[in-house]
Amino acid sequence: MMSDKINARNITDNEFFYGHKACAGCGGSLAVRMALKTLGERTFIALPAGCMSAVGFNFPQLCFANNAIISTFAGTGSILTGMAAGAKALGLKDYHVLGMAGDGGTADIGIQALSGAIDRNDRVIYICYDNEAYMNTGIQKSGLTPFGARTTTTPAGKNEHGNLKNKKNMFEIVAAHDIPYAATASIAYIEDFIAKVKRASEVDGPSYIHVIAPCPTGWGIPVDETINAAKKMVDCGLWYLAEYYAGEFHLNRDPKEFTDVSEYLRCQTRFAHLTDEDIEHIVEGRDAKWAKIRREWI
Amino acid sequence: MIKPELTDYKRPEKLSEYPQATCYKAGHLVTKNSGWRSKRPVVNTDKCVGCFRCYMYCPDGVIFKKDGKVDIDYDFCKGCGICVKTCPITAIQMEDE
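Chains as they are written, first to last, in the numbering used here: chain A, 12 to 309; chain B, 1493 to 1589.
Structural data, given as structure tokens:
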């Protein structure tokens, strides 16, 4: 799969997501902004309940410059099928059908509709912007909240140190459908994310991108640390940049050395309560994951 | 260039002036975000080399290219300071409002 590389110099000056009411330093809004800049004006975007629909559509303040709609929370995947069918029935040419849902809207509430859309083999792009909890409603645990993170539904106390479960492996769940194209990304590696959105748009069938988008409010980081936190997460090995196509996994970035996990965790108040044993547990999980990745994906 | 812009908005007075369905025109802005910030980023154009990293990483898209360098739309900048942190040569600095 070859794509003309989009970079800071040749990316369009158009802004399709502008004047929105997201918190200062919001990672999710950067993911939406860049996905739309990559795909262009002829993109129909659907957003379920979640931060991006809450901040983008405050009538009469409507911040999308392209055709945008709020879907039902559970129905991002199915509304994408409907939009693709509608565009086909109208005989439209040269367009993209895009859905952008949060981690809760993807891994918990919308997983059935997403699975169905992949199964129907519609030409749609589904992007999950993962900020690791239900941030819009006040930071409740989702299926993509990592181990140890404090949320309002997984409080940190003497006996329980935040979330007891590991993050769902959404990328591999999607890949298990034998989807034509799936990828993981991070907003810190923005050119990589853009290239993956471009690739997804060239696939004749469904595609899925899972992009990590830190939330300063929910993660407990300063508003100017969003990009640094996303970068640290990749560099310490708690997130990986990979793709799945033609039935195979491909690792895009294989760091020789990982940076310090505790430095990544300690910069966030949601992990402030973790003990050294908890961090050791997280590091063990990381090493086991990377051993598997390096054994099977390279 | 396509970009949502501030538009004068007159509140509907009669029922017939309300939108007929839950849809409305795209890119219709009626309020600014400038009141959100206590500090503003200021670009030192003598220092800026036009690498556009701040432009790429701005969550609000308020940084735009101008004469090979960058400028900021202060109507919509929320003052998060990501541009300052992503600038590799500290050509942007935060100043109190």
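Where a beta carbon is used, it is the ideal one built from N, C-alpha and C, also for glycine.
Asked, Found
"Coil, strand or helix - Tyr137(A) by DSSP", "strand"
"Three-pair Cβ contact test at 8 angstroms for the region 84 to 102 of chain A versus the region 64 to 73 of chain A", "no"
"Under 7 angstroms (Cβ pairs) to chain B, residues found in the region 146 to 180 of chain A", "none"
"Span of the beta strand (DSSP E), counted from its first residue to its last, around Arg1532(B)", "Lys1531 to Val1535"
"Simplified DSSP assignment, three categories, for His292(A)", "helix"
"For Leu1498(B), the three-state DSSP class (helix, strand or coil)", "strand"
"Residue from Ala100(A), Leu101(A) and Thr87(A) whose Cα sits closest to the Cα of Gly121(A)", "Thr87(A)"
"Whole runs of the beta strand (DSSP E) within the region 174 to 227 of chain A, excluding any shorter than 3 residues", "192 to 197 and 218 to 223"
"Cβ-based burial, Ile309(A) [other Cβ within 10 Å; buried from 16]", "exposed"
"Cross-chain neighbours of Ile238(A) in chain B, by beta carbon under 8 angstroms", "Tyr1549, Ile1574, Lys1577 and Thr1578"
"Beta-carbon proximity list for Asp271(A), same chain, < 7 angstroms, skipping 5 on both sides", "Cys247"
"Closest residue to Lys16(A) among Ala42(A), Arg210(A), Met63(A) and Thr228(A) (Cα-Cα distance)", "Arg210(A)"
"DSSP-derived helix/strand/coil call for Ala299(A)", "helix"
"Nearest-angstrom Cα separation, counted from Glu1505(B) out to Ile201(A)", "45 angstroms"
"Alpha-carbon to alpha-carbon, Ser1530(B) and Asp1588(B)", "6 angstroms"
"Chain B within 8 angstroms of Gln279(A), Cβ atoms only", "no"
"Same chain only: Cβ atoms within 7 angstroms of Leu1521(B), ignoring 5 sequence neighbours per side", "Pro1496, Glu1497, Leu1498 and Thr1499"
"Proximity winner among Val1535(B), Lys1561(B), Arg1545(B) and Trp1528(B), relative to Gly1571(B) (alpha-carbon distances)", "Trp1528(B)"
"Min CB distance Pro59(A) to chain E below 8 angstroms", "Of the chains in the structure shown, none is chain E; the protein chains are A and B."
"Per DSSP, the bridge partner or partners of Ala112(A)", "Cys139(A)"
"Assumed close pair Asp203(A), Asn263(A) - CB separation to whole angstroms, cut-off 8 angstroms", "7 angstroms"
"Arg1545(B) at chain A interface by Cβ criterion, 8 angstroms", "yes"
"Cross-chain neighbours of Val1522(B) in chain A, by beta carbon under 7 angstroms", "Pro71 and Gln72"
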